[in-house]
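Notes for the one structure printed next.
Residue numbers (our numbering), protein chains in the order written: chain A, 1 to 102; chain B, 103 to 399.
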């Protein structure tokens, strides 16, 4: 399953993941492989991404550069102020704003 | 003759100094332009995805999609947002944007203006300076003049949100934005865009979008979340475009100025050499004349 996390200013994360947990407007839910197509709005809360075997790319806030990672089973957490999620054919698009590190 | 020689030499020096400055400014603008272009590119995937979601929902939605931002009301109170740069020396860039805004006001909003219900929101000092002096009968707002100094999405979207709230509260019946549309480093053109009310989206049969999506909470509320986000990105784009255009325009202007200085220098050098040669010829003539006089004597 692939995910792209976008903010209006940059791409935050892109790569292969095992699961992602998002704060939906009607409650938090987790997206695993072969999830049905869904579009949902997101509320303020935390996003948890669990990486899978494969490579991913992420934006490192501290150094301000894009870094690569390959570590599987690694959980990445960040806080968002709101946004949207779309899942279609194992492609997850996460549009978020007001991102802060936890 | 010696005096003129010195004069020309001094002029050459001063032109050279100017050329150095314009060259440096061109280089600075080129660097800034690259960053500005990057910012536009980085926000594009986000904007594209949002629009794609909107199309998805619209193609699944039956009947009309109406939000409070699409409401067309009789035009009584209007707002024109003029996005310019805060600094000059960028050719006709700011003038073009201002001209476009002035024409729009004359053509579309002259009645609104006569009634005293026209608000002009200026982003960028150049536009503010112009409208503050010439449009005293309008409500010229300069609260966001310095918006261009911090172009992060969070900062810009506060202004977008306040404009949207004003539209919802019926403080304005229409909001238009005049800004510098960025095409490439050499081309940028002023453009007028209707920000609010939102133009009606057409229902398009998009086969890919027809996937059986689950919509959470439901399509109507999603639309109510989505449209403001899209509007904010739209507004952000106006500013990013203007910023990139400004640097592009300045780069072109400074490049031309450098070239101009080069032409000037070439002519000055010719006249300098002419003057020098003339004075040498004169000296030789004097010496020859003197020697001839001695021989004859």
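Where is the CB? At the ideal position from N, CA and C, for every residue including glycine.
If you check the beta carbons only, do residue 42 of chain A and residue 20 of chain A fall under 9 Å apart?
As a working note, residue 42 of chain A is residue 42 in the first chain. As a working note, residue 20 of chain A is residue 20 in the first chain. It is not a contact, given that the beta carbons lie outside the stated cut-off.
Using a Cβ-Cβ cut-off of 6 Å (strictly less than) and excluding sequence neighbours within five positions of residue 49 of chain A, which residues of its own chain qualify?
The count along the first chain starts at 1 and reaches residue 49 of chain A at position 49. For residue 49 of chain A, where only same-chain residues beyond five positions count, the Cβ hits under 6 Å are 17, 20 and 76.
Bridge-paired residues (DSSP) for residue 282 of chain B
Counting from one through the second chain, the residue named residue 282 of chain B turns up at place 180. According to DSSP, which records beta bridges pairwise, residue 282 of chain B is partnered with B/292.
Selection from B/108, B/132 and B/111 that minimises the alpha carbon distance to residue 356 of chain B:
Taking the second chain and counting its residues from 1, one reaches residue 356 of chain B at position 254. Of the listed residues, the one whose Cα sits closest to residue 356 of chain B is B/132.
By Cβ distance, which residues of its chain are closer than 6 Å to residue 295 of chain B, with the 5 residues on each side in sequence left out?
Numbered from 1 along the second chain, position 193 holds the residue referred to as residue 295 of chain B. Only 279 meet the Cβ criterion.
Sequence-distant residues of its chain with Cβ nearer than 7 Å to residue 102 of chain A (five each side left out):
Counting from one through the first chain, the residue named residue 102 of chain A turns up at place 102. Excluding positions up to five away in sequence, the list reads 46, 77, 78 and 79.
CA-CA distance, residue 323 of chain B and residue 161 of chain B?
In the second chain, residue 323 of chain B corresponds to position 221, counting from 1. In the second chain, residue 161 of chain B corresponds to position 59, counting from 1. Their backbone Cα atoms lie some 16 Å apart in a straight line.
Listing by chain order, which chain A residues have their CB less than 7 Å from the CB of residue 158 of chain B?
Position 56 of the second chain, counting from 1, holds the residue named residue 158 of chain B. Under the 7 Å cutoff, chain A gives 39.
Beta carbons nearer than 7 Å to chain A: which residues of the stretch 134–158 of chain B have them?
144, 145, 147, 148, 151, 152, 155 and 158
Step through the CB atoms of chain B and report whether any lies within less than 9 Å of the CB of residue 44 of chain A.
Mapped onto the first chain, residue 44 of chain A falls at position 44. Output row for residue 44 of chain A: interface = no.
Taking three-plus beta-carbon pairs below 8 Å as touching, is the stretch 170–190 of chain B in contact with the stretch 219–239 of chain B?
yes
Say whether the stretch 345–355 of chain B touches the stretch 131–147 of chain B, bearing in mind that this needs 3 or more beta-carbon pairs closer than 8 Å, one atom from each stretch.
yes
Check for me: the beta strand (DSSP E) holding residue 343 of chain B runs from which residue to which?
Stepping through the second chain from its first residue, residue 343 of chain B is reached at position 241. Here residue 343 of chain B belongs to no beta strand (DSSP E); instead the alpha helix (DSSP H) covers 321–398.
Taking Cβ-Cβ distances shorter than 9 Å, what residues in chain B pair up with residue 86 of chain A?
Indexing the first chain from 1 puts residue 86 of chain A at position 86. Those are 151, 154, 155, 158 and 315, listed as they occur along chain B.
Counting only beta-carbon atoms, is residue 231 of chain B nearer than 9 Å to chain A?
Here residue 231 of chain B is taken as the residue at index 129 of the second chain, counted from 1. By this cut-off, residue 231 of chain B is not an interface position.
Can you give me the C-alpha to C-alpha distance between residue 35 of chain A and residue 263 of chain B, rounded to a whole angstrom?
For the purposes of this step, residue 35 of chain A is taken as the residue at position 35 of the first chain. For the purposes of this step, residue 263 of chain B is taken as the residue at position 161 of the second chain. If you take the alpha carbons of residue 35 of chain A and residue 263 of chain B, they lie about 34 Å apart.
Quick one: measure Cβ to Cβ for residue 151 of chain B and residue 6 of chain A, integer angstroms, because I've assumed they're closer than 8 Å.
Along the second chain, one-based indexing puts residue 151 of chain B at 49. Along the first chain, one-based indexing puts residue 6 of chain A at 6. Indeed, because the Cβ distance is near 6 Å, the residues count as touching under 8 Å.
Just to make sure I have the definition right: I need the residues of chain B whose C-beta is within less than 7 Å of the C-beta of residue 64 of chain A. Which are they?
Reading the first chain from its first residue, position 64 is the one you call residue 64 of chain A. Here the premise fails: no neighbours, minimum Cβ distance about 13 Å.
Count the other CB atoms, across all protein chains shown, that sit within 10 Å of the CB of residue 10 of chain A; report buried if there are 16 or more and exposed otherwise.
Taking the first chain and counting its residues from 1, the one referred to as residue 10 of chain A is at position 10. Buried, by the Cβ-count rule.
Residue 154 of chain B bridges to which residues according to DSSP?
What you label residue 154 of chain B is simply residue 52 of the second chain in a count that begins at 1. Per DSSP, none; premise fails for residue 154 of chain B.
Could you compute how far the alpha carbon of residue 124 of chain B sits from the alpha carbon of residue 366 of chain B?
Counted from its first residue, the second chain places residue 124 of chain B at position 22. Counted from its first residue, the second chain places residue 366 of chain B at position 264. In a straight line, the C-alpha of residue 124 of chain B is about 14 Å away from that of residue 366 of chain B.
To the nearest angstrom, report how far apart residue 92 of chain A and residue 299 of chain B are at their CA atoms.
For the purposes of this step, residue 92 of chain A is identified with residue 92 of the first chain, where counting begins at 1. For the purposes of this step, residue 299 of chain B is identified with residue 197 of the second chain, where counting begins at 1. So the two alpha carbons sit approximately 31 Å from each other.
Which residues of the stretch 7–18 of chain A have a Cβ closer than 8 Å to any Cβ of chain B? Give them in chain order.
7, 8, 9, 10 and 11
My guess is that residue 135 of chain B and residue 287 of chain B are in contact by the Cβ rule of under 8 Å, so how many angstroms apart are they, rounded?
Numbered from its first residue, the second chain carries residue 135 of chain B at position 33. Numbered from its first residue, the second chain carries residue 287 of chain B at position 185. Contact flag correct, Cβ pair sits at about 6 Å.
The stretch 334–368 of chain B: positions lying closer than 9 Å to chain A by Cβ:
334, 335 and 338
With DSSP as the reference, identify every bridge partner of residue 252 of chain B, one or two as the case may be.
Residue numbering aside, residue 252 of chain B sits at position 150 when the second chain is read from its first letter. Its beta-bridge partners do not exist; DSSP assigns none.
Around the C-beta of residue 54 of chain A, are 16 or more other C-beta atoms found within 10 angstroms, so that it is buried, or is it exposed?
Residue 54 of chain A sits at position 54 when you count from the first residue of the first chain. Classification of residue 54 of chain A: exposed, given that the 10 Å Cβ count is below 16.
Cα separation between residue 261 of chain B and residue 73 of chain A?
For the purposes of this step, residue 261 of chain B is taken as residue 159 along the second chain, with counting starting at 1. For the purposes of this step, residue 73 of chain A is taken as residue 73 along the first chain, with counting starting at 1. Straight-line Cα distance between these residues: approximately 41 Å.
For residue 190 of chain B versus residue 344 of chain B, is the C-beta spacing smaller than 9 Å?
Taking the second chain and counting its residues from 1, the one referred to as residue 190 of chain B is at position 88. Taking the second chain and counting its residues from 1, the one referred to as residue 344 of chain B is at position 242. Cβ distance not < 9 Å, so residue 190 of chain B and residue 344 of chain B don't count as in contact.
Kindly list, in the order they appear in chain B, the residues whose Cβ is closer than 7 Å to that of residue 36 of chain A.
Here residue 36 of chain A refers to the residue found at position 36 of the first chain. Result: 316.
Between the Cα of residue 194 of chain B and the Cα atoms of B/386, B/354, B/266 and B/155, which residue gives the shortest distance?
If you number the second chain from 1, residue 194 of chain B lands on position 92. Residue 194 of chain B has its Cα closest to that of B/354, out of B/386, B/354, B/266 and B/155.
On the CB-based measure, 16 or more other CB atoms within 10 Å of its CB, does residue 68 of chain A come out buried or exposed?
Looking up residue 68 of chain A in the first chain gives position 68. Per the 10 Å Cβ criterion, exposed.
Would residue 265 of chain B and residue 342 of chain B be called neighbours here (beta carbons separated by less than 9 Å)?
If you number the second chain from 1, residue 265 of chain B lands on position 163. If you number the second chain from 1, residue 342 of chain B lands on position 240. Taking 9 Å as the Cβ cut-off, residue 265 of chain B and residue 342 of chain B do not qualify as a contacting pair.
When you compare the CB of residue 57 of chain A with every CB in chain B, is at least one pair closer than 9 Å?
Taking the first residue of the first chain as position 1, residue 57 of chain A is located at position 57. Chain B, which has no Cβ nearer than 9 Å to the Cβ of residue 57 of chain A, makes this no.
Once DSSP output is grouped into helix, strand and coil, what is the label at residue 52 of chain A?
Taking the first residue of the first chain as 1, we reach residue 52 of chain A at position 52. In this structure, residue 52 of chain A counts as strand in the three-state DSSP scheme.
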